[in-house]
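In what follows, a single structure is set out as structure tokens and then discussed.
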Amino acid sequence: MSSEVPQSPKPSVLFIFAEGLEELEAVAPLDILRRAGAECTVASLEAEPNVTGRNGIHLRADVSLDAVKDHSFDLVVIPGGPGVAALRKDERVLELLRRHFHGGQLVAAICAGPTVLQAAGLLEGKRSTAHSSVIDEIPGATPDEAVVEDDTVITSRGAGTAIAFGLVLARRLAGPETTRAVEQSIHYDMITPAPH
692 MSSEVPQSPK
702 PSVLFIFAEG
712 LEELEAVAPL
722 DILRRAGAEC
732 TVASLEAEPN
742 VTGRNGIHLR
752 ADVSLDAVKD
762 HSFDLVVIPG
772 GPGVAALRKD
782 ERVLELLRRH
792 FHGGQLVAAI
802 CAGPTVLQAA
812 GLLEGKRSTA
822 HSSVIDEIPG
832 ATPDEAVVED
842 DTVITSRGAG
852 TAIAFGLVLA
862 RRLAGPETTR
872 AVEQSIHYDM
882 ITPAPH
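Converting from the sequence shown to the numbering used here requires adding 691 to each position, the first position being numbered 1.
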């Protein structure tokens, strides 16, 4: 009999990228989750793997959404930006989010991304936040918190909160010890307010 402790599989994460996404909101949490050991898959909304963000930065997805829309992940992440308009109207995205939410998996969105969770019917009775430009579309959302966790729903305000958002996601998937190690490796634990 082996005395080795079986290794648990890496947590799995799906990021959905659409044209016009906010690059920082996509890349910062993706980077942090990979540092924390998560197996991250980036899916493009369209068949084309190349996605251009709102600031003209070109990103490349791993797969198309159609290739993974029936798969299951521990976490699904929706970045914000103008690309959210297409996500809100795409029934594949909404159904995938509903399936994960009702299956007890984590769903997360940042900036305008929480409006996609709203369109999927997942924010009713939930605490949440969003970017100031869309927060009025989400009844009860708070503008005062960088990241809001309510059970399996995690939302965040915008590009300026992208690292904090990523670290909360990492803590939920990989635990506090791993997350502290990531914070230290990126010197997040040394951040002090800038002088005014």
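Quick reminder that beta carbons are idealized off the backbone N, C-alpha and C, glycines included.
Everything numeric in this text was worked out from a predicted model, so none of it was measured.
From the options, pick the residue whose C-alpha is nearest to that of residue i; which is it?
i, options, result
"A850", "S703, E713, V704 and E737", "E713"
"G857", "K780, K701, L724 and A758", "L724"
"E749", "D757, S735, S824 and E840", "The question names Glu, yet the displayed sequence has His at residue 749. Answer by Cα proximity: S735."
"S824", "C802, R789 and L813", "C802"
"S755", "R863, G866, F708 and I829", "F708"
"G831", "R783, L705 and G816", "G816"
"D722", "L705, E710 and G711", "L705"
"A799", "V839, D757, R779 and G774", "V839"
"L715", "H878, R848 and D880", "R848"
"K760", "R790, R862 and T869", "R790"
Between the C-alpha atoms of residue i and residue j, what's the straight-line distance to the nearest angstrom?
i, j, result
"N746", "G804", "17 Å"
"A853", "L766", "16 Å"
"K701", "I829", "33 Å"
"P867", "L860", "11 Å"
"L814", "L808", "6 Å"
"P720", "V873", "12 Å"
"A776", "F792", "21 Å"
"D841", "A752", "29 Å"
"L785", "A837", "24 Å"
"A865", "P740", "28 Å"
"I826", "G772", "14 Å"
"H822", "G774", "14 Å"
"F764", "C731", "9 Å"
"V733", "G744", "14 Å"
"K780", "D757", "15 Å"
"R863", "E737", "29 Å"
"Y879", "R871", "9 Å"
"S703", "T806", "23 Å"
"D835", "H762", "35 Å"
"A768", "T833", "Note that residue 768 is Val in the sequence shown here, rather than Ala. Those two C-alpha atoms are separated by around 20 Å."
Between residue i and residue j, how many whole angstroms is the CB-CB distance? I'm expecting something under 8 Å.
i, j, result
"G795", "T843", "6 Å"
"S876", "R726", "7 Å"
"L797", "A811", "Between A811 and L797 the Cβ distance is about 14 Å, and since that is not below 8 Å, they are no contact."
"P770", "A717", "4 Å"
"V742", "E782", "About 20 Å separates the two Cβ atoms, so there is no contact after all."
Quick one: complete alpha helix (DSSP H) runs, 4+ long, within the segment 734-815?
Whole alpha helix (DSSP H) segments, 4+ residues: 756-759, 775-780, 782-793 and 805-810.
In chain order, which alpha helix (DSSP H) runs of at least 4 residues are fully inside the segment 711-735?
You should have 714-726.
Inside the segment 827-869 only - alpha helix (DSSP H) runs reaching at least 4 residues:
With a minimum length of 4 residues, the continuous alpha helix (DSSP H) runs that stay inside the segment 827-869 are 853-865.
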